[in-house]
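Numbering (this note's numbering), first residue to last: 58 to 474.
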C-alpha cells in the first residue's frame, strides 16, 4: 500500500482497473488514462498526471534543456492541466500525443516564486489534432474488426472507410513465376492465384493495392510492405516502378537466413525487404531501438506448406514498434499478421481471396485459446504495474507474473503469407 495525500492506493486497486480493461480490448493509452483517473480519485489531478507520466517515461522539462521561465504563458500556448480541463481529455493522453510527435512540446517552468515545472503546447495545433481524431472515430469499422474476410483485395478494400486503420502489414504475391531467377522453377503459385502476371500488369495491380492501403490509413499510419527483388534475364529487377511516388520513408532488410540456392552462379539469397511507407504523422514509439536490419529466422511452415512465408515475429516486431490499435493485412494468407496482432493485444482486419487460406487462418486464430489470451492479459497488466510500481515505491509480490510465456513459440508453427 502506498500513501497518496490523505488516502491510500494498493496494487490490487490498479489491477482492478487494468485487467478488466485489457479483457475488454483497451489499448495501452486507454489503460494509462484509466489508471490516471483512478489515481486522481485520491490525489490532485495535476499531481496524478505528472506521477503517471513520470512512471511511464514521459519527458519532463529541465532547466539545462533551454527551458524558458515565464510569469504567464505566451499567447497561443496552453499548459497540459489547463488543456485537460478545457477539452475534457486526460493529461496523460495529451502527453502521449506530445511524446509520439503529434504535438510539439514547449518546455516551460513557472516563475521561481511559484516553483515547479510543466509542459505546454500550441493550442491551435492541439485543437486541430483533437478535431482530426474526432473525424477519424466517426468511421465505424466494427463489422470488419477481428475477422478474416474472403474476397478480392480490390473489391473489399474500397469498402473500408477513409482513414480508418492505424497500420497495414502486407506481403503480396511476388509474381515469381514471371521471374527467371533463383528458385522460380520450383514454385507453383498460390491457391487461386497463378503468380505469373506480365510485369506491367503486376506493377499496375500492386500500385492500385498500395493506393487503397494508403487511403484507409489514418494521418499517422504506416504500411510495412514486404517484398523481394526478382531476377529477369539474369539481372535484378527492383521494385522502383511499384513504389514510385509513394511516401517511402525507409527500407528495412529482413535477414531471414537459411533457404536453398538453386543456381551456383548466385550467392545464397538470404534476405527480403520491408518497405516502410508512411503518412506524415507517423512516429515510432519512444524508446524504440531496433535497427533497419531485422535478423529473424525463416520458419518451417506447417499451415500452408506450398507457399513462401514470413515468421510471426516479423509482423510482431512491426506492430510492437507502433501504437497502432487496428492492423490490416489485405493479403492474409494463413493469418500470420492477424495472429501477431492478437499476440500484441491489437485488433486486426484480414482480407484473403482464397477460401482455403481463409479457413486455415480462422483455424489458427481459434487456436488462441482462453489460457493463452489470459496469459496475454496478465502480461500486459503486469507490464503496466511494473512500470508504475517503482514510482509508487511498490514491491511486487512474490509470484506476481512478470515474464509469463504465452506459448506462441510452441503452438504457432510458423508465420506466413
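Glycine included, C-beta positions come from ideal geometry on N, C-alpha and C.
The structure presented is a predicted model; accordingly, all values stated were derived computationally and were not measured.
Which residues in the same chain as residue i place their Cβ atom closer than 8 Å to its Cβ, once the five residues preceding and following it in sequence are excluded?
i           : result
residue 373 : 397, 400, 401
residue 312 : 327, 328, 350, 351, 352, 353
residue 160 : 151, 154, 178, 179, 182, 183, 186
residue 419 : 205, 392
Would you identify the three-state DSSP class for residue i, choosing helix, strand or coil?
i           : result
residue 302 : coil
residue 136 : strand
residue 312 : strand
residue 412 : helix
residue 369 : coil
residue 156 : helix
residue 347 : coil
residue 277 : strand
residue 380 : coil
residue 77  : helix
residue 297 : helix
residue 320 : coil
residue 283 : strand
residue 335 : strand
residue 220 : coil
residue 401 : coil
Would residue i pass as a contact of residue j if the rule is Cβ separation under 9 Å?
i           : j           : result
residue 388 : residue 417 : no
residue 309 : residue 281 : yes
residue 135 : residue 187 : no
residue 275 : residue 204 : no
residue 140 : residue 178 : yes
residue 224 : residue 423 : no
residue 254 : residue 214 : no
residue 256 : residue 232 : yes
residue 306 : residue 335 : yes
Determine the direct distance from the alpha carbon of residue j to that of residue i, and round the result to whole angstroms.
i           : j           : result
residue 403 : residue 383 : 6 Å
residue 133 : residue 144 : 15 Å
residue 293 : residue 323 : 11 Å
residue 286 : residue 392 : 24 Å
residue 333 : residue 279 : 7 Å
residue 411 : residue 376 : 25 Å
residue 378 : residue 150 : 18 Å
residue 331 : residue 142 : 43 Å
residue 342 : residue 153 : 10 Å
residue 304 : residue 414 : 31 Å
residue 137 : residue 158 : 15 Å
residue 291 : residue 314 : 23 Å
residue 438 : residue 77  : Summary for residue 438: the model assigns pLDDT 49, below 50, so the residue's position carries little reliability; its value from the coordinates is reported in the next sentence. If you take the alpha carbons of residue 438 and residue 77, they lie about 10 Å apart.
residue 189 : residue 277 : 11 Å
residue 198 : residue 273 : 11 Å
residue 370 : residue 216 : 29 Å
Our contact map puts residue i next to residue j with C-beta atoms below 8 Å; I'd like the distance itself, whole angstroms only.
i           : j           : result
residue 368 : residue 356 : 4 Å
residue 263 : residue 218 : 22 Å between Cβ atoms; not a contact.
Keeping to the same chain, check which residues put their C-beta closer than 6 Å to that of residue i; ignore five residues upstream and five downstream.
i           : result
residue 260 : 298, 299
residue 266 : 210
residue 394 : 226, 372, 386
residue 406 : 201, 385
residue 296 : 284
residue 103 : Caution is warranted here: a pLDDT of 40 is assigned to residue 103, below 50, making its placement in the model unreliable, and the coordinate value is therefore given only provisionally. Excluding sequence neighbours, residue 103 sits near 138.
residue 425 : 399
What residues in its chain sit with their C-beta under 7 Å from that of residue i, if we drop five residues either side in the sequence?
i           : result
residue 206 : 213, 407, 408
residue 421 : 360, 391, 392, 396
residue 208 : 408, 410
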